[in-house]
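What follows is a short report on a single structure.
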Amino acid sequence: MARTITLEVYRYRPEEESEPVFQSYEVPFRSDWVILDALNHVKDQIDGTLSYRWSCRMGGCGSCGMMVNGDPVLTCAAFLESYAPGPIRVEPLQHFPVIRDLVTDLEDFLGKLTSVKPWIVREEEKPVEEGEYKQTPEELADFKRYSMCINCMLCYAACPVYGLEPEFTGPAAIALAQRYNLDNRDQGNEERMEILSHDDGIWSCTLVGECSAVCPKDVDPAGAIQRYKLAGAAHWWKSFLLPWQNR
Amino acid sequence: MSPNVHYKPHHPKWYRVRKPIFWWIRRFADIRFIFREMTSVAVAYSVIGLVIIYRALLTGPEAYAALMNTLKEPLWITVNIFALGAVLYHAITWFNLAPRAIVVRLGKWRIPDLMIAGGNYAAWFVISAVIFWAYVSG
Numbered sequence: 001m002a003r004t005i006t007l008e009v010y011r012y013r014p015e016e017e018s019e020p021v022f023q024s025y026e027v028p029f030r031s032d033w034v035i036l037d038a039l040n041h042v043k044d045q046i047d048g049t050l051s052y053r054w055s056c057r058m059g060g061c062g063s064c065g066m067m068v069n070g071d072p073v074l075t076c077a078a079f080l081e082s083y084a085p086g087p088i089r090v091e092p093l094q095h096f097p098v099i100r101d102l103v104t105d106l107e108d109f110l111g112k113l114t115s116v117k118p119w120i121v122r123e124e125e126k127p128v129e130e131g132e133y134k135q136t137p138e139e140l141a142d143f144k145r146y147s148m149c150i151n152c153m154l155c156y157a158a159c160p161v162y163g164l165e166p167e168f169t170g171p172a173a174i175a176l177a178q179r180y181n182l183d184n185r186d187q188g189n190e191e192r193m194e195i196l197s198h199d200d201g202i203w204s205c206t207l208v209g210e211c212s213a214v215c216p217k218d219v220d221p222a223g224a225i226q227r228y229k230l231a232g233a234a235h236w237w238k239s240f241l242l243p244w245q246n247r
Numbered sequence: 248m249s250p251n252v253h254y255k256p257h258h259p260k261w262y263r264v265r266k267p268i269f270w271w272i273r274r275f276a277d278i279r280f281i282f283r284e285m286t287s288v289a290v291a292y293s294v295i296g297l298v299i300i301y302r303a304l305l306t307g308p309e310a311y312a313a314l315m316n317t318l319k320e321p322l323w324i325t326v327n328i329f330a331l332g333a334v335l336y337h338a339i340t341w342f343n344l345a346p347r348a349i350v351v352r353l354g355k356w357r358i359p360d361l362m363i364a365g366g367n368y369a370a371w372f373v374i375s376a377v378i379f380w381a382y383v384s385g
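Heads up: the protein sequence lines correspond to chains A and B, in order. Taking the working numbering as reference, the numbering of the first sequence is continuous, increasing by one, and the terminal residue is 247. Taking the working numbering as reference, the numbering of the second sequence is continuous, increasing by one, and the terminal residue is 385.
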């Protein structure tokens, strides 16, 4: 008889129930299957009403983040074998409102992401005739780590500060702001500092460090926020001691 | 965002739970974090203790001797040993985290994390040695 493993899947069907319930599914236990494969098996073979997000299946799109046995993971990178003999409890990413089953609402995150201006800000664009903005490998190395973020939101699910204070801008958005601050082509540092140097920005972070621990791309948002805090403090002292340099 | 949003046009009926007050007792990493945060109380206690000792010194030899006698009681010795341990833990975790916030470059060379943390430890050791020397030499 083929081996199986039990998935305990969080179900929330707002038109049927006011509270979520857990539904158990027996799925084939295969060593080459990740949890996303098991969910796809449920969707295709057992219960077509199950809702969840996924896309690339290779850790690139950041769509399939869920809580597995209480930890935020990309389900395309979490092998069933790691959770044997089960049962495996699959829930939507915590700290986000649940729309249906394993699908959470992204609006809050997307709003915060755009609020930090995650693009190259130029005070003045130079004419095309003057050529490209050049960058040395050392200058690229300064921010490359922070540019690897795939917006999977595992860091938000791991961050207790965001869970307790949803106004907190959060790890990924701040790391991305730092990615552009450290880019030698960018001139938006002052604008982002205005946005992030307040209570709901960098100063809400208490350096729990779990955002970096769960990041599947080794972005280290916690480190980015601490660097930002240092820059924020230096910025404040500079404007305090040299007020004539303020714009 | 309200947790009590109901169906309305273009808005789903969310389900959202409030984070429980004892959220941190489920995972070891969270317990360790809360413990690290709690050691801040010991840091505050140590600072207040130093101020009280300084005040007794300024008041006079009798006040200082009376305070020292009080601190020799087993209760205060126990409290201070616990506070010392907590402050040491706080300082060590702080120094170990320093390289994540401090990035120093000398030209193209980025100073390694180990040297940033090591610099903190070295400064701690030198300052402690100077204070100890000042105390021993009277």
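Where a beta carbon is used, it is the ideal one built from N, C-alpha and C, also for glycine. A quick note: this is a predicted structure, and the numbers were derived from the prediction, not measured.
By the criterion of a C-beta distance shorter than 6 Å, residue 157 (chain A) is surrounded in its chain by 72, 93, 94 and 95, once the five residues flanking it on both sides are discounted. Residue nearest to residue 166 (chain A) within the set A:180, A:201, A:177 and A:208 is A:201 (criterion: CA-CA distance).
Annotation: the region 8–33 of chain A contains the following complete segments of the beta strand (DSSP E) (minimum length 3 residues), in chain order: 21–28. Listed by position along chain B, the residues whose Cβ is nearer than 8 Å to that of residue 163 (chain A) are 266 and 270. Bounds of the beta strand (DSSP E) holding residue 65 (chain A) are 65–68.
Residue contact with chain A for residue 336 (chain B): absent (no Cβ-Cβ distance below 7 Å to any residue of chain A). By the CB criterion at 7 Å, residue 112 (chain A) and residue 169 (chain A) fall inside the cutoff. The Cβ neighbour count for residue 101 (chain A), taken over all protein chains shown within 10 Å, is at least 16; the residue is labelled buried.
Residue 183 (chain A) sits in coil when the DSSP states are folded into three classes, being neither helix nor strand.
Ranking B:355, B:278 and B:260 by CA distance to the CA of residue 138 (chain A) puts B:355 first. Considering only A:152, A:144 and A:43, the residue with the shortest C-alpha distance to residue 182 (chain A) is A:144.
DSSP places residue 42 (chain A) within a helical segment (H, G or I) once states are collapsed to three. When secondary structure is reduced to three states using DSSP, residue 73 (chain A) falls in the strand class. Per the coordinates, the alpha-carbon of residue 15 (chain A) lies some 17 Å from the alpha-carbon of residue 52 (chain A).
Taking a Cβ-Cβ cut-off of 7 Å, the neighbours of residue 207 (chain A) in chain B comprise 344, given in sequence order. When Cβ-Cβ separations below 7 Å define contact, residue 72 (chain A) makes no contact with chain B. Only those residues of the region 218–236 of chain A whose C-beta falls short of 8 Å from the nearest C-beta of chain B are listed: 220, 222, 223, 226, 227, 229 and 230. Residue state for residue 146 (chain A) is assigned as helix, using DSSP reduced to three classes.
For residue 107 (chain A), the enclosing alpha helix (DSSP H) starts and ends at 107–115. Taking 7 Å as the threshold, the shortest C-beta distance from residue 275 (chain B) to chain A does not fall below it. Taking the C-beta atoms as reference points, residue 187 (chain A) is found no nearer than 7 Å to residue 146 (chain A). Looking only at A:80, A:60, A:69 and A:189, the smallest Cα-Cα distance to residue 34 (chain A) is reached by A:80.
Rounded to the nearest angstrom, the gap between the Cα atoms of residue 295 (chain B) and residue 331 (chain B) is 14 Å. Using a CB distance cut-off of 7 Å, residue 308 (chain B) does not count as an interface residue toward chain A. With a cutoff of 7 Å on beta-carbon distance, residue 342 (chain B) and residue 368 (chain B) are scored as near each other. Here residue 58 (chain A) is exposed, its C-beta having fewer than 16 other C-beta atoms within 10 Å.
97, 98, 99, 105 and 108: these are the residues of the region 89–121 of chain A whose beta carbon lies less than 7 Å from some beta carbon of chain B, given in chain order. Burial is judged here by how many other beta carbons sit within 10 angstroms of a residue's own beta carbon; residue 109 (chain A) has at least 16 and is buried. A buried status is given to residue 229 (chain A), since no fewer than 16 other beta-carbon atoms sit within 10 Å of its beta-carbon.
Sixteen is the threshold: since fewer than 16 other Cβ atoms of the shown chains lie within 10 Å of the Cβ of residue 373 (chain B), the residue is exposed. Between residue 162 (chain A) and residue 262 (chain B), the beta carbon gap of about 18 Å keeps them out of contact (Cβ cut-off 8 Å).
Between the beta-carbon of residue 4 (chain A) and that of residue 26 (chain A) there is about 5 Å, and that keeps the pair under the 8 Å contact cut. At a cut-off of 7 Å, the C-beta of residue 312 (chain B) has no neighbouring C-beta in chain A. Close partners of residue 210 (chain A) in chain B (Cβ separation under 7 Å): 276.
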